[in-house]
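Going letter by letter, the sequence shown gives residues 346 to 538 in our numbering. Each residue gets a CB set at the ideal place from its N, CA and C atoms; glycine is no exception. These numbers were taken from a predicted model, which means no experiment stands behind them. Below: the structure, in C-alpha cells.
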Amino acid sequence: MTQPDVFQNDYLEVVELAHRALSSTEAPYCVIGALALGVWGTPRATYDVDLLILAQCDDPQPFLGLLRTAGFAINEIWHDANPMAREVVLRLAHPTAPHFPVDLVFSPGPFDLAVLDRRRAVDLHGLMIWMSSPEDLVLMKLRASRPRDFDDVISIVKNPRLQLDLDYLWSWADQLGLQGELSYVLHAADTGR
Numbered sequence: 346m347t348q349p350d351v352f353q354n355d356y357l358e359v360v361e362l363a364h365r366a367l368s369s370t371e372a373p374y375c376v377i378g379a380l381a382l383g384v385w386g387t388p389r390a391t392y393d394v395d396l397l398i399l400a401q402c403d404d405p406q407p408f409l410g411l412l413r414t415a416g417f418a419i420n421e422i423w424h425d426a427n428p429m430a431r432e433v434v435l436r437l438a439h440p441t442a443p444h445f446p447v448d449l450v451f452s453p454g455p456f457d458l459a460v461l462d463r464r465r466a467v468d469l470h471g472l473m474i475w476m477s478s479p480e481d482l483v484l485m486k487l488r489a490s491r492p493r494d495f496d497d498v499i500s501i502v503k504n505p506r507l508q509l510d511l512d513y514l515w516s517w518a519d520q521l522g523l524q525g526e527l528s529y530v531l532h533a534a535d536t537g538r
C-alpha cells in the first residue's frame, strides 16, 4: 500500500467514525468544505473533515459525548491558538488518525438551516454520508471569500454533471450580501447571469 493510499484510508476511517457517531443523534449534520468539494467540484488536498451541525453553540455536549464515545478528543492546543474560533468551531482528533482533524461547525442561522434541509445522501467509497448541496457549498465558499474558495466555486459551477439551481443561488446571494461574489464566479465560469 502506498503512502497516499494509507492517508486516504485514514481519512475515510475518520469520516466513517464521525458519521457513525453523529448518525445516532436526531440533530442533522452534513459534510462541508474540501470533502464536499471533492464530490461537487475539483478535489483538492485537505487535511481535515468539516461537518456542519445544527446545534446551539453554547451546548455542544451531546455531540461531544457521542464523538468521545467513538474515541475523538478536543484538540486543546488548536483551540488555545484560535480563541476566536472556539465560539463556532470545535476541532477534534481521533487517535487512529490524529493528522486528520474533524472540525465541528455549530451554526443555527437561517442559511445554515437551509443548508441542512437541502443536504444530500452521497455514496463516498461505500459509505452513505450527508453532504451539503453544491449550491450551498458555493454560497458557503463565497461567504468565506478566500482566494482558493473562488477557484473551488468555479470548479463547481463548471462541473458538467451538475445543473445548479441559479434561482436558489441568487436568492441566498441577495440575502447574504454575496451578489458581487456570485456574479464574479458565474462570469469567470462563463455562465453569466
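If you run the structure through DSSP and keep just helix, strand and coil, what is residue i?
| i | result |
| --- | --- |
| V433 | coil |
| D535 | coil |
| L509 | coil |
| L523 | coil |
| Q401 | The pLDDT assigned to Q401 is 46, lower than 50, so where the model puts this residue is not dependable; a value taken from the coordinates is nonetheless given after this. Note: Q401 maps to coil in three-state DSSP. |
| R389 | coil |
| R465 | strand |
| F456 | helix |
| F315 | In the structure as shown, the chain starts at 346 and stops at 538, and residue 315 therefore has no counterpart that could be examined. |
| F451 | strand |
| A372 | coil |
Do residue j and residue i come within 8 Å of each other at the CB atom, strictly closer than that value?
| i | j | result |
| --- | --- | --- |
| V447 | V434 | no |
| L362 | H439 | yes |
| L396 | A418 | no |
| H476 | V384 | Checking the sequence shown, residue 476 turns out to be Met, not His. Yes, Cβ-Cβ distance for M476 and V384 is below 8 Å. |
| T387 | S500 | yes |
| L521 | F445 | no |
Kindly give me the distance between the Cβ atoms of residue i and residue j, rounded to whole angstroms, as I take these residues to be in contact under 8 Å.
| i | j | result |
| --- | --- | --- |
| L382 | D497 | 5 Å |
| L367 | Y374 | 5 Å |
| A442 | E358 | 6 Å |
Which term fits residue i, buried or exposed, when burial requires 16 or more other beta carbons within 10 angstroms of its beta carbon?
| i | result |
| --- | --- |
| P407 | exposed |
| G410 | exposed |
| E421 | exposed |
| M485 | buried |
| P479 | buried |
| H470 | exposed |
| A390 | exposed |
| A292 | No information on residue 292 is available, as it lies outside the stretch 346 to 538 that the chain covers here. |
| G378 | buried |
TODO: Check whether the segment 463-476 touches the segment 418-437, counting contact only when three or more Cβ pairs, one atom from each stretch, lie closer than 8 Å.
DONE: no
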